[in-house]
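Some notes on the structure that comes next.
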Amino acid sequence: MPRPPKRHAESPPSGEKSGKARSTHEDESNILKTGPVATSTYQRWNKKGLGLIKKLEDIPEGWDWKDDDIHEDDLEANIKRYKERIEDGIMPQWWEQKLKDYEKDQAEVQELIASEPEGLAYDEIMRLKTLEVIRKAVLKNGDDYDQMRNVTTMMEKYRARELVWTPGRVTYWANGVQLTDYEEFGWERFRDLSDKHFDRTKSEEDLGPEKGYGGIWVEGVSDRS
5 MPRPPKRHAE
15 SPPSGEKSGK
25 ARSTHEDESN
35 ILKTGPVATS
45 TYQRWNKKGL
55 GLIKKLEDIP
65 EGWDWKDDDI
75 HEDDLEANIK
85 RYKERIEDGI
95 MPQWWEQKLK
105 DYEKDQAEVQ
115 ELIASEPEGL
125 AYDEIMRLKT
135 LEVIRKAVLK
145 NGDDYDQMRN
155 VTTMMEKYRA
165 RELVWTPGRV
175 TYWANGVQLT
185 DYEEFGWERF
195 RDLSDKHFDR
205 TKSEEDLGPE
215 KGYGGIWVEG
225 VSDRS
């Protein structure tokens with residue numbers, strides 16, 4: 005599943021809040037910033053006979069609080085890891101809080117997925133939510149650039165799986181009509197299509213797929229800055 009919510013903390017769970025996770029001991033962050041360097045794999049500690057460790061001064065040498073072998077957006081893998089760390093018994097209070105936060109995120113992700121047609125990618129679901137916000141804003145504030153038809157048509161196409169969110173590729177739209185296939189964004193291409201499909205001398209009654217009075221819509225994310 006592509007890019008669910010980001011990991012709550014890049015640093016150990018005792019540092020400055022990033023998302024939700026925060027330690028109750030502010031001084032622990034400074035200590036752990038000078039701790040051991042993260043390794044590429046996770047070493048289990050639950051069979052070393054160390055017992056429950058809840059104080060920093062009792063942490064064994066070589067213990068690593070980082071989980072760099074797991075992608076930060078992989079909810080299931082992170083939840084599994086936190087359960088292992090709780091079982092290992094080293095600073096379990098940190099991982100219990102992070103587990104709680106991630107399980108909440110997982111529930112929210114599942115709720116989002118269930119709100120849209122089956123089979124849509126996570127990026128497409130999130131894009132639909134953004135387009136819905138835009139649709140409501142246009143309804144409230146007015147459609148000065150004639151974009152409502154673009155927004156509603158794109159939402160229909162996403163839900164019908166006729167439009168796909170493709171990183172690095174965009175599609176161009178005007179008056180509710182898709183003008184191009186997926187391609188890299190280019191300013192010259194944008195200007196050409198704008199000149200072809202933009203005409204404010206037209207009245208609303210004269211609008212059609214070929215030319216309207218509104219602006220061009222670029223759907224997608226370009227790799228170009």
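In terms of my numbering, the sequence shown opens at residue 5 and continues consecutively. Using N, Cα and C, we set each Cβ at its ideal position, and we do this for glycine too. The structure presented is a predicted model; accordingly, all values stated were derived computationally and were not measured.
Counting along the chain, the unbroken alpha helix (DSSP H) around residue 191 starts and ends at 191-201. Here residue 99 carries a helix assignment [DSSP, helix/strand/coil]. Excluding residues up to 5 positions away in sequence, 93 lie with their Cβ nearer than 8 Å to the Cβ of residue 55 in the same chain. With 16 or more neighbouring CB atoms inside 10 Å of its own CB, residue 223 falls in the buried class. For residue 81, no beta strand (DSSP E) encloses it; the enclosing alpha helix (DSSP H) starts and ends at 79-92.
Assignment of residue 188 by DSSP, reduced to helix, strand and coil, places it in the coil class. Assigned with DSSP and collapsed to three states, residue 178 falls in strand. Residue pairing for residue 222: DSSP places it in a beta bridge opposite 176.
The shortest CA-to-CA distance from residue 82 to any of 62, 67, 103 is the one to 103.
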